[in-house]
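Visitor:
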Amino acid sequence: MMFKNSLKLFIANFSVFWKLLLYKIIVVCICALLFIPVIPSWEQSLNSVNFVKLLTSFATNNVFLNTTTLLNNLFILVDAFVNAMGILFTINTFAFFYSIVIVFLILPFLLGLSSVPTGEGLYSYMASLSKSSFTATFLSKLKISCIYSIFRALITLPFVAILTVTLYWLLYLTTLGGLFIIILPIIIVIYFVLMVSLLVTTFCGWMPATVVFNISPTQSFKKGIKAVSRRYFRVFSSVFVIIFFATIFSLMLTSFSLIALIPLASVAIIMLEMVMFFESQGMRYYVDLDTIISPKKLEQCDKFTKVKNII
Numbered sequence: 049m050m051f052k053n054s055l056k057l058f059i060a061n062f063s064v065f066w067k068l069l070l071y072k073i074i075v076v077c078i079c080a081l082l083f084i085p086v087i088p089s090w091e092q093s094l095n096s097v098n099f100v101k102l103l104t105s106f107a108t109n110n111v112f113l114n115t116t117t118l119l120n121n122l123f124i125l126v127d128a129f130v131n132a133m134g135i136l137f138t139i140n141t142f143a144f145f146y147s148i149v150i151v152f153l154i155l156p157f158l159l160g161l162s163s164v165p166t167g168e169g170l171y172s173y174m175a176s177l178s179k180s181s182f183t184a185t186f187l188s189k190l191k192i193s194c195i196y197s198i199f200r201a202l203i204t205l206p207f208v209a210i211l212t213v214t215l216y217w218l219l220y221l222t223t224l225g226g227l228f229i230i231i232l233p234i235i236i237v238i239y240f241v242l243m244v245s246l247l248v249t250t251f252c253g254w255m256p257a258t259v260v261f262n263i264s265p266t267q268s269f270k271k272g273i274k275a276v277s278r279r280y281f282r283v284f285s286s287v288f289v290i291i292f293f294a295t296i297f298s299l300m301l302t303s304f305s306l307i308a309l310i311p312l313a314s315v316a317i318i319m320l321e322m323v324m325f326f327e328s329q330g331m332r333y334y335v336d337l338d339t340i341i342s343p344k345k346l347e348q349c350d351k352f353t354k355v356k357n358i359i
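Under this note's numbering, residues 49 to 359 are what the sequence shown spells out, in order.
(1) Report, in whole angstroms, the separation of the C-beta atoms of K56 and D336, which I expect to be a contact under 8 Å.
(2) Under 8 Å by Cβ, that's how I've got L219 and I236 pegged, so tell me the actual separation to the nearest angstrom.
(3) When the distance is taken between beta carbons, is V164 closer than 9 Å to A128?
(4) Buried or exposed, going by whether 16 or more other CB atoms sit within 10 Å of the CB of V149?
(5) For E91 and M300, what's the separation of their Cα atoms in angstroms?
(6) Considering only their Cβ atoms, is the gap separating Y216 from V151 smaller than 9 Å?
(7) How far does the beta strand (DSSP E) with V335 in it extend, from its first residue to its last?
(8) Where does S181 land, buried or exposed, given buried means 16+ other C-beta within 10 angstroms?
(9) Let me know if F112 comes out buried or exposed under the rule of 16 or more other beta-carbons within 10 Å of its beta-carbon.
(10) With DSSP collapsed to three states, give me the class of I340.
(11) Between which two residues does the alpha helix (DSSP H) carrying T212 extend?
(12) Taking DSSP as the reference, what is the three-state secondary structure of R278?
(13) Let me know if P256 comes out buried or exposed under the rule of 16 or more other beta-carbons within 10 Å of its beta-carbon.
(14) Distance, Cα to Cα, A316 vs F292?
(15) What would DSSP say about G160, mapped onto helix, strand or coil?
(16) For the region 53–124, list the alpha helix (DSSP H) runs that are entirely contained and at least 4 residues long, ordered along the chain.
(17) Around the C-beta of A80, are 16 or more other C-beta atoms found within 10 angstroms, so that it is buried, or is it exposed?
(18) Taking the straight line between their C-alpha atoms, what separation do you get for S193 and I229?
(19) Measuring alpha carbon to alpha carbon, tell me which residue in L202, I318, I340, Q329 is nearest E168.
(20) Under 9 Å between the Cβ atoms of F281 and L242?
(21) In whole angstroms, give me the CA-to-CA distance for L187 and L161.
(22) Spatial neighbours of L68 within its chain, please: C-beta separation below 8 Å, excluding the five flanking residues on both sides.
(23) If the criterion is Cβ atoms closer than 9 Å, does the pair L136 and S89 meet it?
(24) Taking the alpha-carbon of T258 as reference, which of A143, K191, A209 has the nearest alpha-carbon?
(25) Count the other CB atoms within 10 Å of the CB of Q329; is the residue buried (16 or more) or exposed (fewer)?
(26) Buried or exposed, going by whether 16 or more other CB atoms sit within 10 Å of the CB of M49?
(27) Give the range of the alpha helix (DSSP H) segment to which F145 is assigned.
Structural data, given as structure tokens:
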């Protein structure tokens, strides 16, 4: 029911997708502009490994290839990029660390600023069918959004680093050949989807708690963890499905499909987060103009040991 209600909410608020898509495009453009000072150094290092040629070939020639060939081509591309980074570190250390800060800190921070305004808009709709301006909410909630985005980026950074390294070594195994190569693509996809789903699920109550209770992200962190723990595996299965299909479609289609798939998956997960939080708190909510969901009250869902002192 949670996934079904999230889908209904997504359809009723599909305009959120276009707003987030536009916002993410603006953020990517801003970060691209920040790269201007180090473009000569990057150009030199990328040209030394023919990266642009490899990227063009990968983006245009990997449609409908079998998964093994696709992952092997992906490893060649990633390995060339890793070599280019090593060359960049040698010729311009400042450009190397400057780029790391942009990609792993500034970009996630700017992208994360849209979470709270989006949640505020969905909260208004789910609670009273009212609409709110994304831009106005973005400006009015900027302070809270900054705090949330900073902490979220810092918490996520170690996970992203570990996931990146492990995926690189898993992709490296595609070059070894043998029977193992047949099941390796499945292992890589499942590992990626599983790890990302665990991260998203664990923190999916954080933003809704900030919005619904109107408190700072530092106060809402514990409340969000508690809310998702009430139905962790149900939420995890829904998140897993969303990320799994987004990953599969990105492998089946060209790399340019990520332009639409990433915002679509982001919106779907935000919808799921809000539905999960409303249901975990026993709060009634709208999913569309004609449907009101009335989940069980909080005291009906929690164990007796947690509610025995309510009376």
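Even for Gly, the Cβ is constructed at its ideal location relative to N, Cα and C.
Guide: For this structure:
(1) 6 Å
(2) 7 Å
(3) no
(4) exposed
(5) 30 Å
(6) no
(7) 333–336
(8) exposed
(9) In this prediction, F112 has a pLDDT of 49, which is less than 50 and means its spatial position is unreliable; what the coordinates show is noted afterwards. Burial call: exposed.
(10) strand
(11) 190–220
(12) coil
(13) buried
(14) 13 Å
(15) helix
(16) 63–82, 87–95, 99–109
(17) exposed
(18) 44 Å
(19) I318
(20) no
(21) 10 Å
(22) S162, T166, P311, S314, V315
(23) yes
(24) K191
(25) buried
(26) exposed
(27) 141–149
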